[in-house]
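Okay, structure first, notes after.
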Amino acid sequence: MAAVTGGRVLLHLSRSLVLQPSSRLFPLKLASACLPRRLCSASDQTQPVSPENESLLENLNLMGVDIKMARQRQPGVFRKAFTNEKGLAQFLQTKGASRQAIASIVSRYPRAITRSIEHLEQRWQLWRNVFTTDAEIVSILDRSPESFFRSSDNDNLEKNIDFLISLGLNTKDLHRLLTTAPRTFSNSVELNKQMVECLEDICAELGGENPEQFAKSIISKNLYILIRSTKRVKTNIETLKASLNLSDSEMLALLQGHGADILDLSNEYLKKSFNNLQQKMALLGCRRNDLKKIIISYPLILYIGPETLNTKIDCLLKGGITMKQILEKPKVLDYSTQNITGRLEELRRVGYDFKKNGINILDSSRKRFDAKMEKLATSPDE
DNA sequence: TGGACCGGGTTCTGCCATATAG
DNA sequence: CTATATGGCAGAACCCGGTCCA
7 MAAVTGGRVL LHLSRSLVLQ PSSRLFPLKL ASACLPRRLC SASDQTQPVS PENESLLENL
67 NLMGVDIKMA RQRQPGVFRK AFTNEKGLAQ FLQTKGASRQ AIASIVSRYP RAITRSIEHL
127 EQRWQLWRNV FTTDAEIVSI LDRSPESFFR SSDNDNLEKN IDFLISLGLN TKDLHRLLTT
187 APRTFSNSVE LNKQMVECLE DICAELGGEN PEQFAKSIIS KNLYILIRST KRVKTNIETL
247 KASLNLSDSE MLALLQGHGA DILDLSNEYL KKSFNNLQQK MALLGCRRND LKKIIISYPL
307 ILYIGPETLN TKIDCLLKGG ITMKQILEKP KVLDYSTQNI TGRLEELRRV GYDFKKNGIN
367 ILDSSRKRFD AKMEKLATSP DE
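Taking the working numbering, the leading residue of the first sequence gets 7, the next gets one more, and so forth.
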């Protein structure tokens with residue numbers, strides 16, 4: 007509203023992509039007169055807050071930025087006298103970002119426009135140490151602008167990369183890490199070090215031989231671990247250990263296997279998930295040891311939400327599969343309820359005998375499953 | 001050579017709270 | 001005081017196919 011005061015200026019701005027601090031043209035006192043939001047009335051005891059930067063608003067409008075969203079997220083940016091929205095836009099454009107992408111990036115993380123070109127160039131180069139193309143970086147920025155822009159500390163970023171390499175993570179690991187959990191690289195190195203130390207300590211406490219290797223292994227198995235708090239990881243390990251009554255070596259084995267996958271679940275979620283599974287299994291007449299067994303062989307079962315899990319199990323049971331079979335091949339729970347339901351129906355039609363043939367057929371790719379079905383259709387005696 | 005075993009690929013941000021800087 | 005930097009949180013699966021062996 008307040009922003010569109012002069013079409014003349016709009017035209018002018020759209021022509022020149024030359025970067026310039028945006029506010030020069032509008033002295034502050036003038037802008038304050040334009041903005042009714044903060045009339046410095048007599049009753050207002052606080053210092054008059056500096057008003058929003060008028061020309062900045064215009065620039066952002068031109069860029070297609072969602073001003074309302076941006077203002078809600080980082081209002082401070084709008085009151086800055088000098089910003090670099092044009093420079094940022096041009097920079098991202100040369101890297102191959104579309105107009106829409108740039109607008110979306112700024113809408114979601116307005117502070118991006120406070121970074122200088124030098125800063126941007128440097129940060130981009132650091133990311134390019136890990137990524138091979140600009141396009142990859144652009145796609146991450148589009149996905150998560152905050153990951154790239156939240157920190158203005160390029161030295162820290164460099165230290166992070168060095169640190170992660172020093173852990174023995176190779177180029178491919180680094181690439182996966184930055185792709186999957188880009189926030190990791192905006193953490194302070196200290197924070198990342200803390201998590202690594204935490205993992206090493208856990209290994210040592212459990213009597214592990216090689217804490218460094220252990221930490222590295224957990225990170226490469228669970229790329230989200232470094233953007234979690236050490237408290238979360240510790241609590242989850244305690245929860246697992248206590249509720250399953252695991253010995254140190256059992257716990258260690260679990261973590262070195264697929265247990266790493268569920269370490270980053272929120273503490274409450276893990277507990278809720280565990281309790282649900284426990285209850286469900288008790289209801290189905292399983293023994294306490296079965297619970298332990300299924301979690302050790304298929305920890306990801308705790309990743310599945312209570313409702314989904316119960317539905318899946320019921321679905322399998324209704325389809326003529328026994329709990330005993332599920333306990334032996336928990337991986338069938340990997341597949342969606344929809345997938346399972348469909349397959350059960352197909353198998354029922356051809357009279358597939360789970361007692362005789364087992365349930366492994368449910369744990370196979372679509373291609374393999376279809377091939378199998380075709381064979382069953384031609385020679386139904388199976 | 002069918003099928004069991006196993007690991008890998010995909011993907012996870014956007015908000016809030018708090019400490020710190022200015 | 002305000003703005004920035006940073007930590008932390010909730011949220012919640014599914015699918016594919018290489019390989020090896022009986």
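Just so you know, even glycine gets a beta-carbon here, dropped at the ideal spot from N, CA and C.
Fair warning: this is a prediction, and the values are worked out from it, not measured in the lab.
- Query: So is Pro-81 buried or exposed if we call it buried at 16+ other beta carbons inside 10 Å?
  - Reply: Indexing the first sequence from 1 puts residue 81 at position 75. It is exposed - the Cβ of Pro-81 has fewer than 16 other Cβ atoms within 10 Å.
- Item | Close beta carbons around Lys-378, own chain, < 8 Å, minus the five adjacent residues each side | Counting from 1 along the first sequence, the entry for residue 378 is found at position 372. Taken in chain order, the residues that qualify are Ile-367, Ser-370.
- Exposed or buried, which one is Arg-129 when buried takes at least 16 other CB atoms within 10 Å? The count along the first sequence starts at 1 and reaches residue 129 at position 123. Looking at its Cβ environment, which holds 16 or more other Cβ atoms inside 10 Å, Arg-129 is buried.
- Does DSSP classify Val-202 as helix, strand or coil? One-based indexing of the first sequence puts residue 202 at position 196. Of the three classes helix, strand and coil, the one that applies to Val-202 here is helix, per DSSP.
- Task: Return the chain-ordered list of same chain residues with a C-beta closer than 6 Å to the C-beta of Asp-376, the five sequence neighbours on each side being excluded.
- Result: As a working mapping, residue 376 is identified with position 370 in the first sequence. Correct list: empty, nothing qualifies.
- Contained alpha helix (DSSP H) runs [length at least 4] in the stretch 277 to 315, N- to C-terminal order: 294 to 303
- Query: Mind checking whether Phe-155 and Asn-198 have CB atoms under 9 Å apart?
  - Reply: By 1-based counting over the first sequence, the position of residue 155 is 149. By 1-based counting over the first sequence, the position of residue 198 is 192. No; because the gap between Cβ atoms is not below 9 Å, this pair is not in contact.
- Message: For the pair the stretch 237 to 256 and the stretch 201 to 214, tell me if three or more CB-CB distances fall below 8 Å.
- Response: yes
- Message: Quick check: Leu-269 and Leu-261, are their CB atoms within less than 9 Å of each other?
- Response: The residue given as residue 269 occupies position 263 in the first sequence. The residue given as residue 261 occupies position 255 in the first sequence. Contact: yes.
- At what residues does the alpha helix (DSSP H) containing His-125 begin and finish? To locate residue 125, count along the first sequence from 1; it is residue 119. Start and end: 123 to 134.
- Short Cβ contact (9 Å threshold) for Tyr-309 with Leu-283: As a working mapping, residue 309 is identified with position 303 in the first sequence. As a working mapping, residue 283 is identified with position 277 in the first sequence. Cβ distance not < 9 Å, so Tyr-309 and Leu-283 don't count as in contact.
- Message: Using the Cβ count rule (16 or more neighbours within 10 Å means buried), how would you classify Val-356?
- Response: Residue numbering aside, residue 356 sits at position 350 when the first sequence is read from its first letter. By the neighbour-count rule (16 or more Cβ atoms within 10 Å), Val-356 is not buried but exposed.
- Query: Which term fits Arg-374, buried or exposed, when burial requires 16 or more other beta carbons within 10 angstroms of its beta carbon?
  - Reply: As a working mapping, residue 374 is identified with position 368 in the first sequence. Counting Cβ neighbours within 10 Å, Arg-374 comes out exposed, since fewer than 16 surround it.
- Helix, strand or coil for Tyr-115 per DSSP? Here residue 115 refers to the residue found at position 109 of the first sequence. Three-state result, Tyr-115: coil.
- Counting pairs of Cβ atoms below 8 Å between the stretch 122 to 137 and the stretch 72 to 86, do you hit three or more? no
- Identify which residue in Val-136, Glu-91, Asn-166 has its Cα closest to the Cα of Pro-116. Position 110 of the first sequence, counting from 1, holds the residue named residue 116. Among Val-136, Glu-91, Asn-166, the Cα nearest to that of Pro-116 is on Glu-91.
- Task: Pick out whichever of Val-338, Asp-296, Arg-294 has its Cα sitting closest to the Cα of Leu-315.
- Result: Within the first sequence, numbered from 1, the residue matching residue 315 stands at position 309. Leu-315 has its Cα closest to that of Val-338, out of Val-338, Asp-296, Arg-294.
- Task: Assuming Ile-111 and Gln-99 form a contact by the criterion Cβ under 8 Å, report the distance between their Cβ atoms to the nearest whole angstrom.
- Result: The residue labelled residue 111 in the question sits at position 105 within the first sequence. The residue labelled residue 99 in the question sits at position 93 within the first sequence. Contact flag wrong, Cβ pair sits at about 12 Å.
- Message: Whole angstroms are fine: how far does the CA of Ser-235 sit from the CA of Ala-76?
- Response: As a working note, residue 76 is residue 70 in the first sequence. As a working note, residue 235 is residue 229 in the first sequence. If I take the Cα positions, the gap works out to 28 Å.
- Query: Would you say Ser-192 and Ser-153 are within 9 Å of each other, going by their C-beta atoms?
  - Reply: The count along the first sequence starts at 1 and reaches residue 192 at position 186. The count along the first sequence starts at 1 and reaches residue 153 at position 147. It is a contact, given that the beta carbons lie within the stated cut-off.
- Item | Close beta carbons around Trp-133, own chain, < 6 Å, minus the five adjacent residues each side | Here residue 133 refers to the residue found at position 127 of the first sequence. Here the set comprises Ile-143.
- Query: Is Gln-78 buried or exposed, if buried means 16 or more other CB atoms sit within 10 Å of its CB?
  - Reply: Counting from one through the first sequence, the residue named residue 78 turns up at place 72. It counts as exposed.
- Task: Have a look at Arg-354 and Lys-286 and give me their C-alpha separation to the nearest angstrom.
- Result: For the purposes of this step, residue 354 is identified with residue 348 of the first sequence, where counting begins at 1. For the purposes of this step, residue 286 is identified with residue 280 of the first sequence, where counting begins at 1. Their Cα atoms are separated by approximately 25 Å.
- Query: With DSSP run on the structure shown, which of helix, strand or coil describes Gln-344?
  - Reply: In the first sequence, counting from the first residue as 1, residue 344 sits at position 338. Gln-344 falls in the helix class under three-state DSSP.
- Express the C-alpha separation of Thr-138 and Pro-57 in angstroms, rounding to a whole number. By 1-based counting over the first sequence, the position of residue 57 is 51. By 1-based counting over the first sequence, the position of residue 138 is 132. Cα to Cα, Pro-57 sits roughly 42 Å from Thr-138.
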